[in-house]
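Residue numbers (my numbering): 3 to 278.
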């Protein structure tokens, strides 16, 4: 059976909710960083200062690597090991501390800080070149999870866990202008989105703000528009699909309606052309 191929899709959807926040990263036995751990306390802005070849790029690369877990970019080569050798007593390790809000993992992974925030600790360890082994710190057992534990890490699969952490936006001085511009735009969009989230609730009264009320009104209007336009959208979808199919056999057009989307999602798929 041949799967349908998705040719194109256009959407606009802005997720709401507090963004997770990094507070610390601990690195050792990674590239030029040796067995003495390098601890980076993270804030809104982190400035790494120092001469060449002291590990600044290694620190930046470390976060990119763990955020790419599950893909080729999350794997280490032999050159990433200290002195390009595998020493079982000095394996690469990267530890990450994250403050979470929504979508926090199970209680065994969440430590409540003195300020009342939820802290999650994760550790990546490479036993050999390739993919790492990720483990979570179990606060109920006061130790890192082991192979014998049923639950070994918060959030489970790498793809799900990656979505729970802030995404890296590295602006490389030697990257192309287009690449630099793209990363800068992502940073600006993140800042704008955070400002929008901050206005959802009035922190002084702990009640719904005027801005949040406006969002609720817009959502109600979107639902009404989608419901009232269902028949017209279905008719347009059928007419467009019939016309496209006359030129491209096995091709269908689909209009997906969702009240959460400002725009209607348009997707075109193709199926195998039958043999006559």
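Using N, Cα and C, we set each Cβ at its ideal position, and we do this for glycine too.
Requested in this report: State the Cα-Cα distance for the pair residue 26 and residue 242, rounded to the nearest angstrom.
Outcome: Cα to Cα, residue 26 sits roughly 53 Å from residue 242.
Query raised in the report: Is residue 188 helix, strand or coil by DSSP?
Result: Three-state result, residue 188: helix.
Query raised in the report: Does the pairing of the region 69-76 with the region 102-120 give three or more beta-carbon distances under 8 Å?
Result: No contact exists between the region 69-76 and the region 102-120.
Report task. Quick one: using the 10 Å Cβ neighbour count with 16 as the cut-off for buried, is residue 32 buried or exposed? Result -> Buried, since its Cβ has 16 or more Cβ neighbours within 10 Å.
Report task. Would you tell me roughly how many angstroms separate the C-alpha atoms of residue 113 and residue 125, rounded to the nearest one? Result -> Straight across, the Cα-Cα distance linking residue 113 with residue 125 is about 15 Å.
Query - Which listed residue (69, 56 and 61) has its alpha carbon closest to that of residue 161 - result: Closest by C-alpha distance to residue 161, out of 69, 56 and 61, is 69.
Query raised in the report: Is the distance from the Cβ of residue 24 to the Cβ of residue 100 below 7 Å?
Result: Judged by their CB atoms, residue 24 and residue 100 are nearer to each other than the 7 Å cut-off.
Report task. Taking residue 97 as the reference, give the member of 235, 135 and 183 with the closest Cα. Result -> Nearest of 235, 135 and 183 to residue 97, Cα basis: 135.
Query raised in the report: residue 121 lies in the alpha helix (DSSP H); which residues open and close that run?
Result: Where residue 121 is concerned, there is no enclosing alpha helix (DSSP H), although the beta strand (DSSP E) it sits in stretches over 120-127.
Requested in this report: Decide if residue 35 is buried, meaning its Cβ has at least 16 other Cβ atoms within 10 Å, or exposed.
Outcome: Buried.
Requested in this report: Please determine, among 235, 220 and 28, the residue with the shortest C-alpha to C-alpha distance to residue 64.
Outcome: Closest option to residue 64, Cα to Cα, is 28.
Query raised in the report: Under a Cβ-count criterion, where at least 16 other Cβ atoms within 10 Å of its own Cβ denotes burial, should residue 176 be classed as buried or exposed?
Result: Answer is exposed; the Cβ neighbour count stays below 16.
Requested in this report: Verify whether the separation of the beta carbon atoms of residue 94 and residue 128 is less than 7 Å.
Outcome: A contact, by the Cβ cut-off of 7 Å.
Query raised in the report: Which class does residue 233 belong to by DSSP, given the choice of helix, strand or coil?
Result: Helix at residue 233.
**Report entry** Beta-carbon proximity of residue 131 to residue 79, cut-off 7 Å
**Finding:** Yes, these two residues count as a Cβ contact at 7 Å.
Query raised in the report: Would residue 123 be called buried (16 or more neighbouring beta carbons within 10 Å of its own) or exposed?
Result: Buried.
Query - Of the listed residues 44, 30 and 45, nearest to residue 38 (C-alpha basis) - result: When only C-alpha atoms are compared, the closest one is 30.
Report task. Find out if the Cβ-Cβ distance for the pair residue 147, residue 158 is shorter than 7 Å. Result -> Result no, Cβ atoms of residue 147 and residue 158 do not sit closer than 7 Å.
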